[in-house]
Each structure stands twice: as C-alpha cells, then as structure tokens.
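>
There are 2 protein chains.
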Amino acid sequence: MSEKPVSSAGLRRDMEILEVLAGHGDGPDADGFGVNWIAQRLGREKSQVSRALRALEAEGMVERDPVTRRYRLGWRLFSLAARTQQSRLVRVAEPFLRHLATLFDEDTHLCVLRGEMVLTLSSVPSSRAYHRIWEGVSVPVIMAAAGRSLLADWEDEQIRELLRAALPSGLDSAIGGEEQWLADIEHVRTAGYAVTDVELEDSAAGVSAPVREHRGLIAAAISVSVTRTPAESRMREMGAVVAETARRLSTALGLPPGAPGSGADRSPDPAGSAGGR
Amino acid sequence: MSEKPVSSAGLRRDMEILEVLAGHGDGPDADGFGVNWIAQRLGREKSQVSRALRALEAEGMVERDPVTRRYRLGWRLFSLAARTQQSRLVRVAEPFLRHLATLFDEDTHLCVLRGEMVLTLSSVPSSRAYHRIWEGVSVPVIMAAAGRSLLADWEDEQIRELLRAALPSGLDSAIGGEEQWLADIEHVRTAGYAVTDVELEDSAAGVSAPVREHRGLIAAAISVSVTRTPAESRMREMGAVVAETARRLSTALGLPPGAPGSGADRSPDPAGSAGGR
DNA sequence: ACTTATTTTGCGCTGAATGCAACCAACCGC
DNA sequence: GCGGTTGGTTGCATTCAGCGCAAAATAAGT
Chain A
1 MSEKPVSSAG LRRDMEILEV LAGHGDGPDA DGFGVNWIAQ RLGREKSQVS RALRALEAEG
61 MVERDPVTRR YRLGWRLFSL AARTQQSRLV RVAEPFLRHL ATLFDEDTHL CVLRGEMVLT
121 LSSVPSSRAY HRIWEGVSVP VIMAAAGRSL LADWEDEQIR ELLRAALPSG LDSAIGGEEQ
181 WLADIEHVRT AGYAVTDVEL EDSAAGVSAP VREHRGLIAA AISVSVTRTP AESRMREMGA
241 VVAETARRLS TALGLPPGAP GSGADRSPDP AGSAGGR
Chain B
1 MSEKPVSSAG LRRDMEILEV LAGHGDGPDA DGFGVNWIAQ RLGREKSQVS RALRALEAEG
61 MVERDPVTRR YRLGWRLFSL AARTQQSRLV RVAEPFLRHL ATLFDEDTHL CVLRGEMVLT
121 LSSVPSSRAY HRIWEGVSVP VIMAAAGRSL LADWEDEQIR ELLRAALPSG LDSAIGGEEQ
181 WLADIEHVRT AGYAVTDVEL EDSAAGVSAP VREHRGLIAA AISVSVTRTP AESRMREMGA
241 VVAETARRLS TALGLPPGAP GSGADRSPDP AGSAGGR
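Taken in sequence, the protein lines are chains A and B.
Under my numbering, the first residue of the first sequence carries the number 1, and numbering increases by one thereafter.
Under my numbering, the first residue of the second sequence carries the number 1, and numbering increases by one thereafter.
Rendered as structure tokens:
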C-alpha cells in the first residue's frame, strides 16, 4: 500500500549524488561541489553524504580535488563506459536501422571509421531480393556513402590532406572535387546529414548521418543506400529522417541532450606548422 | 586489525557487478550476462545479484534485454560518463590525436595517471587493420609507453620509490633499470618527449609527451605506439612532433604560453594521492 | 508432458546505515 | 591573538535494510 521497494535506498542516494555532481549548470559550476552543498541540495544529512562520498571515492566513482576538497565525477565511470561503448553500439543501433530499412525499404548500414577506411559493422537489408553483403567490409572513406558523415568533425585542413592523399589520379570529377566534399561536410555540420549521388557501383547513392557516443565524438554513421535515385527533394526528406534517427540513437548511447551538432568548441588547429613528414 | 571500514558493502557489490558487465573478453561476450553467470563469477548469492541488478536497472545503470534476459550497462552510466572531466579532456584532445594518427599512420592514445596505473582515455587507430581496443583500460605505469611522460614532474626520489615497489622480480633488464628510467624522464623534462623501446607486447615501442592543464600540472600524455620500430633518428623526429602537438593541446586546455617545462613549482608532497593501502 | 537451467521471492536474523550532536579545521575580519 | 562563520568528519545507540537459505516461479530444452 505504501510504495514499491523497487530500488535500494543506498543506491538511490548514491545515484542522486552522482547526478548532482554531473549537473553542470547550477551552483558553483567552476569545478566540483562540496559536501555541504550537495547535502543541502538533496535535503540529506551532511554526515550521510560525507560517508557516501568517501565510499564512492574509494571505488573511483568520484574524485576529490585534494586542495579545494570538492568532489567531481571520477575516472571509473569513464572507464566502464569506454570499455563497453564498442559492443554497445551495434546492439543499440539495430532497431534504429531496422526502422529506417522498413520505412524506406532500402538497405541500411551502420559504419565506423577505421583509419582511412569505412568499415560496415551491420546491415539491415531491404525487402527486395538479393543484396550485396557489406558487413565486415571496408572501403576507402572517400568511396563510402557514410564517409562525409564520419568526417564531419574533422578539421577542414585534415580533410583536404586526406582527400589529396586519396585522390591520386583524375578521379576528382567522378566523386566530386575537394570543394564539393567540404561543402557536403559543411552541410552535415549544419543540417545533420549528407546526400551522395554516385560513388560505389553497388550503392549508387544514399544519405547518411553521424552518430555520436557518450562523449560527443562521432562514433559511427547511419547510411541508407538508394538503388534507384529518387528526386532531389525526396533525398532531402530522407536525409532529415536519417539525421533525426541518428540523433535519437546518439541519445540512446548516452549522449547528453546538449551540443547536438557538437558546435561546442571547434578546437584550434592541431596541425599548425608541424609539417614534417 | 580485522578489516578496514573503508567502503560500503552494497556499493562495492554494485561496482563489482558493473565491472563484470563492462568486462567483455571472457565468457559469453556476445550480448550481456545472466544473473547466474554474474553471481557465480563474483562468488555471491544469486538472489543478491538478482536484486542488485533490478535496483541498478531501476536507476538506469544497467539495462536488460527483454528477450534474452541478460544485463548490460545502461544509458545512465554513459550519460554520467560523458560529463566527467576525462570526457572533456578527450573531446578537446581528439583532433590532435587524429592529426598524429594520420601523420604517422600509427595508433595514437591519450593516457592519464591514476594511482600507479595508466588509464587510456581514448585511442585513434591507424589505417592498418584490427587493433586491440585500449580505451578504458588500465596498465601499470611502468608498463605503459606513456608512463615516463606522466611521471615527468615527480621527484626523483618518489620515482625510485615507485619503481622499487613496482619491480618485484628481475624485470629490470626487460623494461630498463631504475637509472634508465630516470635518464628517460630527465629527457622528457628537457626535450619534452620520451622514447620507449619495448614494454607491452602489443605496443612494442612508442613515443610520448606530457600534456599540461591550465595550472601547468601534467594532466595527461599523448602516446604514439610504433608497431615496426623505425630508426633511432626517426623516433626522435616523431618525438619532437608529438611534443609539439602535446604543447598545442596544453594551450588548448588553458595553459598560458609561458613555462613550458613548468619548472615553476615541483610540488612538495604529491604522495597524498597514493592509491591502495 | 517431463526435466533441467535460470531467476525470483518469502522470511527470520544480523549487521550495517542512519541521524543527531559533538568535534575538528580552515578561513575571516578585527 | 580572538570569537564567529562555514565546511567537513566522527562516536554512538537505534533501527531498518540487506543477507542467505531454501522454496517457488519461470523459461528452456527434450
């Protein structure tokens, strides 16, 4: 009659504490929070919070600045998440891919970037008959429909470098020149998806959108290949849907609500003058 | 003298469970883990694990596949992890790592010191095929390529202490003796980077350089592992580039242009942070 | 259907978390 | 130096929540 004894009290308390520590935005955001502040915010006993925090620290869930005595989230959370993110990606993405595959009735793929190659992790085929199996196959990033989405966070300079290295011959016209690429990528940054016309023979055209993991980095891309190219407007429609799906997948992977385009901080050029090769 | 009332029992149990869920590599890696398997692996009561998992699920720390009934880490954990200090560091460092990875076409890592272990925060793989995933994994500081860079600000005496504690057997020759270490570290202080020959099997050799945060303290290290060892001179070239990149990253983190060697204040007693005991 | 494998639940008992208050330690202005 | 204020830890009796055992429920084979 009272309530459900669903979750244990101690755990709930710990989670509340972690949530407070995670919550940037209110209070002295500067760095970390003191015991008293947390206790007051949760309406709990100081002693309780103090002890809980010491336990959490012993486990590495939080860490304490030795000088300011303030707590913040610890390395253990990061470590746990980082080790699992990889395997989690495919599993969590599957229903999203299937949704798109049935919605458009086109082959839908999940791709990741490895070096300068795009690796297809999983595919959901359309209802139409045989398809080429892409799972486990790598193709050069400039050839893949998902390429533009996967590179969206790269510095323009790095992209140019990659393109110049990967476009030895006069293929420029075939897959679009450097400027076309940069324009496409800018489109990914603003609109959230990419539209490609002609690249690999098998997947003539397609739309793709970047998927971000918990840290906000682009971890993968959803790519829908289109066999018979529809009208331009239709492609854009599809792109918007794919982008939205990719965004929801990102959230399911733990990406916090903020910074969808990751416009947060385009960090300064790491290359600089270090040209030596 | 029986035991230490360090950490609470329930929390420790929960952490052990999470650690099992994060640890893919043994057991039915495929998808999550069942209650029984976890209980057996931890040597705990099934009932205990069952209840703990339900509580963790209610908090979103783990999630259960409704059909296979297996557990795996949940969105809440990832969401929290995204807001750690380490995540911020990773996000800022990523383009710098990528720059090095493409420049050398070698795996590039960002590592931090945690107690006497080196935790790899993020890795950017080279174009060459499959590599071991190091993200979220810790290795002893004496085994890591980044170790020398991370310890560069320590007092010689403390380094000796650490080495003596960490070198129980006759490994000295394998990874270089005390004096070799101190010489290497002195090299980091003067030249800004470290070169290591043979440590972990997987990352045979590499170069690394320390990254400093706004106060000038070493917060992390960039480490480029080299699979096929190139000539000595080439390694030194790479070292210089890595050091320069690390310095740019430091600046991006808020380090003022001055005091690159941070000879400013060799902090008197960092020993307080010593881990287990 | 039966048998096995896996997970959940009921329930006394014990140990660990709770809350209060006292205690400790900085920090601040004077 | 002193009293005051803020921030954090510790001692201790009470009490409640988690523990383990075993039995019930559920799923999965055969």
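Glycine included, every Cβ here is placed at the ideal spot set by N, Cα and C.
Please report the straight-line C-alpha distance between LEU56 (chain B) and ALA166 (chain A), rounded to a whole angstrom.
48 Å
> Can you tell me which residues form a DSSP beta bridge with GLU237 (chain B)?
None; GLU237 (chain B) has no bridge partner.
> Say whether the segment 88-99 of chain A touches the segment 42-58 of chain B, bearing in mind that this needs 3 or more beta-carbon pairs closer than 8 Å, one atom from each stretch.
no
> Quick one: does MET235 (chain B) have its CB under 8 Å from some CB of chain A?
no
> Spatial neighbours of ASP197 (chain A) within its chain, please: C-beta separation below 7 Å, excluding the five flanking residues on both sides.
Taking C-beta separations shorter than 7 Å and ignoring five residues to either side along the sequence, the partners of ASP197 (chain A) in its chain run ALA205, following chain order.
> In whole angstroms, what is the alpha-carbon distance linking ARG114 (chain B) and ILE38 (chain B)?
27 Å
> Hey, does PRO140 (chain B) have any beta-carbon neighbour from chain A nearer than 8 Å?
Chain A contact via Cβ: absent.
> Listed in chain order, which residues of the segment 68-79 of chain B have Cβ atoms closer than 9 Å to some Cβ of chain A?
ARG72, LEU73, GLY74, TRP75, ARG76, LEU77, PHE78 and SER79
> Looking at the structure shown, is GLY10 (chain A) part of a helix, part of a strand, or coil, going by DSSP?
helix
> Less than 8 Å separating the beta-carbons of ALA52 (chain A) and ARG13 (chain A)?
yes
> Mind checking whether GLY60 (chain A) and ARG72 (chain A) have CB atoms under 8 Å apart?
no
> 8 Å is my cut-off, CB to CB: does ARG13 (chain B) come that close to chain A?
Under the Cβ distance rule, ARG13 (chain B) does not count among the residues neighbouring chain A, no pair being separated by less than 8 Å.
> Could you check if GLY276 (chain B) is buried or exposed, using at least 16 other CB atoms within 10 Å of its CB as the buried criterion?
For GLY276 (chain B), the predicted structure reports a pLDDT of 34, less than 50, and the residue's modelled location is therefore unreliable. A value from the coordinates is still provided. Result: exposed.
> ALA220 (chain B): which of B:PRO95, B:GLY74 and B:LEU119 sits nearest, CA to CA?
B:LEU119
> Hey, out of A:GLU213, A:GLU116 and A:SER250, whose CA is closest to ALA82 (chain A)'s CA?
A:GLU213
> What's the C-alpha gap between TYR193 (chain A) and GLY147 (chain B)?
41 Å
> Please report the Cβ distance between VAL242 (chain B) and GLU106 (chain B), rounded to the nearest whole angstrom; I am assuming they are in contact, meaning their Cβ atoms lie under 8 Å.
Wrong, their Cβ atoms sit about 10 Å apart, outside the cutoff.
> Check whether the Cβ atoms of ILE222 (chain A) and LEU150 (chain A) sit closer than 8 Å, and answer yes or no.
no
> Any beta-carbon of chain A closer than 8 Å to the one on LEU121 (chain B)?
It does: the Cβ of LEU121 (chain B) has a partner Cβ on chain A nearer than 8 Å.
> In its own chain, which residues sit with a C-beta less than 6 Å from the C-beta of GLN180 (chain A), not counting the 5 before and 5 after it?
none
> If you count every other CB in all the chains shown that lies within 10 Å of the CB of SER123 (chain B), and 16 or more means buried, which is it?
buried
> Looking at chain A, is there any beta carbon in it that lies within less than 8 Å of the beta carbon of ARG228 (chain B)?
no
> Among residues of its own chain, excluding the 5 on either side of VAL141 (chain A), which ones have a beta-carbon nearer than 8 Å to its beta-carbon?
LEU113, GLU116, MET117, VAL118, GLY147, LEU150, LEU151, LEU162 and ALA166
> Using beta carbons (cut-off 8 Å, strictly below), is GLY34 (chain A) in contact with chain B?
no
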